[in-house]
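**Q**
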Amino acid sequence: MEEKTTQAAPEAAPKKPKKPLPKSRIMVGEQLAKLYQDTIDAKARGEKIGWSASIFPQEIAEALGLYIVYPENQAAGLAARHQSDDLLAHAEAAGYNMDICSYARTSLAYMDTLTAESNNMPKPDFVLCCNNICNQLTKWFENLAHQFQVPMFLIDTVYNYDPCASDAKVKYVRAQIDDLIHGLEEISGKKMDYDKLTEVMRISQRNKDLWREANELLAVKPAPLAGFDLFNYMSCMVCNRGKASTTAVLEQLIAEIKENIAEGKSTFPVEEEYRVFWEGIACWPYLGHTFKTLKKYGINMVATGYVNAWGLEYEPGDLDGLARAYIDLPNNNNNLETVVGRRIEAHKKFQVDGTIYHVNRSCKVMDCQQYETQRRISEATGIPFTSFDGDQADFRAYSEAQYETRIQGLVEVMEQRKKEREGGKD
Amino acid sequence: MITMGVDVGSTSSKAVILRDGKEILAKAAVPMGTGTPGPGQALELALTQAGLTRDQIDCLVATGYGRLTFPGADHQVSEVTCHGRGIHFLLPEARTVIDIGGQDAKALQISDKGKLLNFVMNDKCAAGTGRFLDVMAKVLGIPVEGLGDLSAQSEQPVSISNVCTVFAESEVISHLAAGAKLSDIAAGIHTSVARRVAALALRIGVEGQVAMSGGVALNQGVVRAMAAELKRPILVHEDAQLAGALGAALLAAERAR
Ligand code: SF4
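Residue numbers (our numbering), protein chains in the order written: chain A, -3 to 422; chain B, 1039 to 1295.
#1: Distance cutoff 7 Å, beta carbons only. Does A/D175 sit that close to anything in chain B?
#2: For the region 64 to 99 of chain A, which segments carrying the alpha helix (DSSP H) assignment without a break, of at least 4 residues, lie completely within its bounds, in sequence order?
#3: At a threshold of 6 Å, does A/Y99 count as lining the ligand SF4 (C-beta to nearest heavy atom)?
#4: Helix or strand or just coil, what does DSSP make of B/S1251?
#5: Using a Cβ-Cβ cutoff of 9 Å, what residues of the region 394 to 409 of chain A are near chain B? List them in chain order.
#6: Compute the distance between the beta-carbons of B/L1288 and B/R1123, then report whether it is under 7 Å.
#7: Kindly say whether A/Q412, judged by its beta-carbon, lies nearer than 7 Å to any beta-carbon of chain B.
#8: When the Cα atoms are used, what is the spatial distance from B/L1185 to B/P1195?
#9: Just curious, the alpha helix (DSSP H) that A/S383 is in, first and last residue?
#10: Against A/P380, what residues of chain B qualify as contacts under a CB-to-CB distance less than 7 Å, listed in chain order?
#11: Under 7 Å Cβ to Cβ from A/A4, same chain only, skipping five residues before and after it: list those, please.
#12: Consider the Cβ of A/D387: report whether some Cβ of chain D lies at a distance smaller than 7 Å.
#13: Could you name each continuous beta strand (DSSP E) segment of 3 residues or more that falls completely within the region 213 to 283 of chain A, going from the start of the chain to the end?
#14: What does a CB cutoff of less than 6 Å around B/T1049 pick up in its chain, not counting 5 residues either side in sequence?
#15: Please report the Cβ distance between A/C126 and A/Y322, rounded to the nearest whole angstrom; I am assuming they are in contact, meaning their Cβ atoms lie under 8 Å.
#16: Residue ranges of each beta strand (DSSP E) run of no fewer than 3 residues wholly in the region 138 to 164 of chain A, ordered along the chain?
#17: Which residues, in chain order, does the region 350 to 362 of chain A contribute to contact with chain B at a C-beta distance below 9 Å?
#18: Which two residues bound the contiguous alpha helix (DSSP H) that contains A/K187?
#19: Would you call the CB atoms of B/V1046 and B/G1102 closer than 7 Å?
#20: Suppose contacts are defined by Cβ-Cβ distances below 7 Å. Is A/Q365 in contact with A/L325 by that definition?
#21: For B/K1065, which three-state DSSP category applies?
#22: Pick helix, strand or coil for A/T2, following the three-state DSSP scheme.
#23: Distance, Cα to Cα, A/M107 vs A/M197?
#24: B/S1149 bridges to which residues according to DSSP?
#25: Examine chain A for any beta-carbon lying closer than 7 Å to the beta-carbon of B/D1137, and answer yes or no.
#26: Name, going along the chain, the residues of the region 1143 to 1154 of chain B whose beta-carbon falls closer than 9 Å to a beta-carbon of chain A.
#27: Does the distance between the C-beta of A/I129 and the nearest non-hydrogen atom of the ligand SF4 fall short of 6 Å?
#28: Opposite A/W306 in the DSSP bridges: which residues?
#29: Within the present structure, is the beta-carbon of A/V361 separated from the nearest heavy atom of the ligand SF4 by less than 6 Å?
#30: For A/M362, which of helix, strand or coil comes out of DSSP?
#31: Nearer than 6 Å: is that true of the beta carbon of A/Q366 relative to any heavy atom of the ligand SF4?
#32: Between which two residues does the beta strand (DSSP E) carrying A/I36 extend?
#33: Kindly give me the distance between the Cβ atoms of A/P220 and A/K261, rounded to whole angstroms, as I take these residues to be in contact under 8 Å.
#34: For A/E7 and A/F52, I'd like the C-alpha separation in whole angstroms.
#35: Starting from B/M1042 and walking both ways along the beta strand (DSSP E), at which residues does that stretch end?
#36: For a test of the three-state rule: what should DSSP assign to B/S1051, helix, strand or coil?
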């Protein structure tokens, strides 16, 4: 596939007016800003507030009416706005090695400064950590707890070598959840209302279903949405997945997607020539470049394992089920067979032409299986792939030229396959 | 029909002119890459050789690291595809192509028509690229073109275990300090590069005959080491360095048709 030489725009060409944001985008933006502000206000009122890992059983704190903010979301947002560069330097000067996850470095620097250009979070009164996505998180949160001299609640989930969590593991995690409830009751002086907890669990399940539905609507060909758009809604699932406001955002999003389908429209701005699966976290500091390069070649990212990482499934009110769900995550806490099986299914369902692997310098746990994942998925599906180096939040680990060469190479292979499929000739 | 391919690499520039996508009319290589006068010089050299002017070129395709900034190209195609095409023209029997460029390395699978079927590229690291060889030649105090002949005299190759170029550099320096022979160090350097790149080829699956492309293919030391790593012979054409530009000129001919 070749790249068309772009003609210079005529000098006086009027600037294209910016498209107004869809209502759901405005809603999700407001929702996130409100969370940060509400937490600041709660702290000012003297309430106890917490910092939490992204896939922690939020249901408990939510049911207790506690305000929680999420360092991973903070770091991703800062990185996407190029506001974390100084924080990364600060962390390294403080002795945190560049090999440590860039979310952790951003957060550990923020722990010192408590000032950022946006996404500010007040000093926590407790921290909540669940190691179902990686173990580095544990050390990071231990540092936060130690530095702030506040308690840390750890939910230790144990890696899933088997296809699904054993009863013994469920028992182990359930006991920790009970402990968490008591601990948070003690800190906050509030009493758990178990009906409220069931209600929060019900809302969380509804949100999980809606999130899945929104994602799955991209299986329509051509997709009614630019897949990168979904990155903008992830805060719903990371920071607000137990809230009714998320239900409203996602219902609005789904309505918009369905409207696009009905009208044959898409937010993907050019013709969808190729559909790809994206493996790994977004490269936040270069979100624009990664997206525009794909767009240039008519590639829409229609599915990603990462966006679906919050597919936690349980019966409302069932705390054992809650424990099981947080062990049986779709991604990092699972063995290769399970992850590959899920990916192969998604590759077929979303009718993708290629896979793009983000070799993310920060996230060792996501990278360590990647060569084998690539091999197995491409063997099972016959779908070509490429990989590129980057980092979720460190701007120093990405080369625009190298990314483009790999994408262009992938396009050439996808084009070749397409021709073979269509005409039987090459 | 006259077409041209220009391969704007990170450390060198190459140009090839073709008649009817079949006959090579001119070829030029300049040891200066993107951002230097190199690409322009390669273009001019090739035109002079063929006795042509730019307007007589029906289609020009640029490839290589600097393809997007090279002025005057009709199209740009990635070096991944161009190397596959170029090698197919030179060595039609090859099905696996290994290209070591200035700052990247890749392994390709191509069809019997030279079409790209699959590829893998190196991850972010200078190890296993032409740059690694440049740095090591400098430490040894010899021109990089001399590395191949030097390593041919090796009796007991040293082992270079670091993949980080900076660490490998100090490893080479300590071998020098310990009195190791230059030829043995050169052989060790080649094995180190070959191991890294052979792993890429093995990941994609080595099928049929294997050819090396790009300037590093002219280094017999790397070729020998690669053959040893892959346990099979490696085909090298004398114009291997021009494969990218040649592939671009072939694709230009397809476009012009
Ligand atoms: S290393 Fe990966 S899983 Fe762990 S916190 Fe960082 S991004 Fe998340």
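Glycine included, every Cβ here is placed at the ideal spot set by N, Cα and C.
None of the values given here were measured: they were computed from a predicted structure.
**A** This is what the structure gives:
#1: Not closer than 7 Å to any Cβ of chain B, the Cβ of A/D175 fails to qualify, so no.
#2: Counting only runs of 4 or more, we get 67 to 76, 81 to 89.
#3: Relative to the non-hydrogen atoms of the ligand SF4, the Cβ of A/Y99 comes within a distance shorter than 6 Å of at least one.
#4: In the displayed model, B/S1251 falls within a strand according to three-state DSSP.
#5: Under the 9 Å Cβ criterion, the region 394 to 409 of chain A contributes Y394, S395, A397, Q398, E400, T401, R402, I403, Q404, G405, L406, V407, E408, V409.
#6: Result yes, Cβ atoms of B/L1288 and B/R1123 sit closer than 7 Å.
#7: Interface criterion met: the Cβ of A/Q412 is under 7 Å from a Cβ in chain B.
#8: A direct Cα-to-Cα measurement between B/L1185 and B/P1195 gives close to 13 Å.
#9: Taken as a continuous stretch (DSSP letters only), A/S383 belongs to no alpha helix (DSSP H), being part of the beta strand (DSSP E) at 381 to 386.
#10: Simply N1156.
#11: The predicted model places A/A4 with a pLDDT of 39, which falls under 50 and marks its position as unreliable; any figure quoted below should be read in that light. Annotation for A/A4: no residue places its beta carbon closer than 7 Å to its own, counting only its chain and skipping 5 residues before and after.
#12: The question asks about chain D, but that chain is absent: this structure's protein chains are A and B.
#13: As far as the region 213 to 283 of chain A is concerned, its whole beta strand (DSSP E) runs of at least 3 residues are 270 to 275.
#14: Excluding residues up to 5 positions away in sequence, G1071, G1140 lie with their Cβ nearer than 6 Å to the Cβ of B/T1049 in the same chain.
#15: Correct: roughly 6 Å between the Cβ atoms.
#16: List check, beta strand (DSSP E) in window: 148 to 151.
#17: The residues in question are V355, R357.
#18: Element bounds for A/K187: n/a, residue is neither H nor E.
#19: Yes; because the gap between Cβ atoms is below 7 Å, this pair is in contact.
#20: No, the pair does not count as a contact, with Cβ atoms beyond the cut-off.
#21: If DSSP states are grouped into helix, strand and coil, B/K1065 belongs with the strands.
#22: Confidence at A/T2 is low in this model, with a pLDDT of 39, below 50, so its placement is unreliable and no value can be given for it.
#23: Distance between A/M107 and A/M197, taken at the CA atoms: about 31 Å.
#24: In the DSSP secondary-structure assignment, B/S1149 is not bridged to any residue.
#25: Closer than 7 Å: no.
#26: Those would be K1144, L1146, S1149, K1151, K1153, L1154, in chain order.
#27: Short note on A/I129: C-beta closer than 6 Å to some heavy atom of the ligand SF4.
#28: According to DSSP, A/W306 shares a beta bridge with no other residue.
#29: Yes, the Cβ of A/V361 comes within 6 Å of a heavy atom of the ligand SF4.
#30: Helix.
#31: Short note on A/Q366: C-beta not closer than 6 Å to any heavy atom of the ligand SF4.
#32: Per DSSP, A/I36 lies in no beta strand (DSSP E) segment; the continuous alpha helix (DSSP H) that holds it begins and ends at 19 to 40.
#33: The Cβ separation is near 7 Å, so the contact holds.
#34: Its pLDDT being 47, under 50, A/E7 is placed unreliably by the model, and the measurement read from it follows with that caveat. When rounded, the separation of the alpha-carbon atoms in A/E7 and A/F52 is 53 Å.
#35: Element bounds for B/M1042: 1040 to 1046.
#36: Reduced to three states, the DSSP call for B/S1051 is strand.
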